[in-house]
Structures are given as structure tokens and as C-alpha cells.
Amino acid sequence: MTVKRITTGMLYENCYLVFAGGGRDAVVIDPGDDYMRIVSEADRNGVTVKAVLLTHAHFDHCNAAKEFADRGAKIYLHSAELELVNTEKNMAGELGARFNRFVPDVLLVGGEKINECGLMLDVIHTPGHTVGGVCYVCGDCIFSGDTLFYLSVGRSDFPTGSGQMLLDSIRNKLFALDGNYRVYPGHGDPTTLDFERENNPYV
């Protein structure tokens, strides 16, 4: 499996292009903005984006989703995030940005196994940053969105957020996973689950 990070938008959000070895199709996780930059990275790697997996629906994580959908990519999103897609709770207006509204193809609840582009991903519902936040586990990697960061955690003071739910999600769902994982967060540098178990001051 190959993971390529593309930093997008005004908030320097991490978008991930993920594809299986030898595969020609790819998933993109959290295309926050800069559609053409993401497509250019896919072209450089000889892959085509067929699916968009969103960790949550804040604008900085999904503002290029519609452009992928318009070209045939399937969009995955937790059902509770429709509230953010359809209202100002996506936070775009707070920062003077335009929100590119989209319609998800697959509504998640957590616990699903997604088989896309030669990849198998487990969906873990991790509410806290938003009520419908999810993390995706693929092989030995976790794509954690704005739930868990390097030596930090996501904010919980935005609409639908909850600090207690966020800590419960990290302690009881992510930290409860067996073994170590490479963690690819929605902002900042990657980390590992073992490192965060031992060193994260917020959990």
C-alpha cells in the first residue's frame, strides 16, 4: 500500500491519496481543497481516484469532494455528518470560505468494512471533534482525521463536538486496538499509536 500526503487549503489540511501496490485505482481521504493538485499527484502515480472517504464534514476536509463526485467518484461519509453538509456547521462561513455542497453515495454508521480499489478499510466511529467523525484503518495505518494528532487531539468546541466523547473515542476505540499503527492525522505530522499511548498529554 502506498500513502501520499497532499496538504490542501487555507488550514493546511492533510489529504491522503492511497492505493494498493500495482493498482491503477485509488481512494482519496479528506480532499479538503485544491482538486487539481490532488489529481496531479494521482496522475504522477499512474492512478485514478475512484472513491472519496471523509473523516468528517468540516469544509477544510471535504471542499473538493464534489469535484471528485462530478467525475464519478463514490463518496463515503458518516450519516450524522449530513447536518454539517447541509448547514453552516461545516465552518466554511466562519472563515469566509465557500462550501461546495455534495451528496454522499454511502452513509456510514461505523463498523463497516470498505472494499475499494484493492484496499480493505475498517470504519471506526470516533465522535468528539464532530458527532459523526470516523477513522479509517487500513493495514497497519490509521487515518485519524481531526480525532488524534501528534501529541494532541482535535478540538471539541465546534458545533456537534464533545470533549468527553472525543477522549472516550481515543481511549476506548483507538488506543484499544491491538498493536501499533502508523497514524496519519488531518493536520500536522504523522505519528504512531504506541507513541501517542505513551506520550499524548491530553488523553
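What the sequence shown shows, in this note's numbering, is residues 1 to 203, in sequence order. Positions of the beta carbon are idealized from the N, C-alpha and C atoms, including for glycine. Just so it is clear, the structure is predicted and the values come from calculations on it, not from any experiment.
For F19, the enclosing beta strand (DSSP E) covers residues 13-19. Runs of the beta strand (DSSP E) lying entirely within the region 109-174 and spanning at least 3 residues, in chain order: 113-116, 119-125, 134-138, 141-145. Between S156 and G145, the beta carbon gap of about 13 Å keeps them out of contact (Cβ cut-off 8 Å). For L82, the enclosing alpha helix (DSSP H) begins and ends at 82-85.
Restricting attention to alpha helix (DSSP H) runs no shorter than 4 residues, the region 7-70 encloses them at 35-44, 59-62, 65-70, ordered along the chain. In this structure H129 does not touch V109 by the C-beta definition: roughly 17 Å separates them, more than the 8 Å allowed. In the same chain as D189, and ignoring 5 residues on each side of it, the C-beta atoms closer than 8 Å to its own belong to Y150, in chain order. Note that the region 93-103 touches the region 56-66; at least 3 beta-carbon pairs, one per stretch, sit closer than 8 Å.
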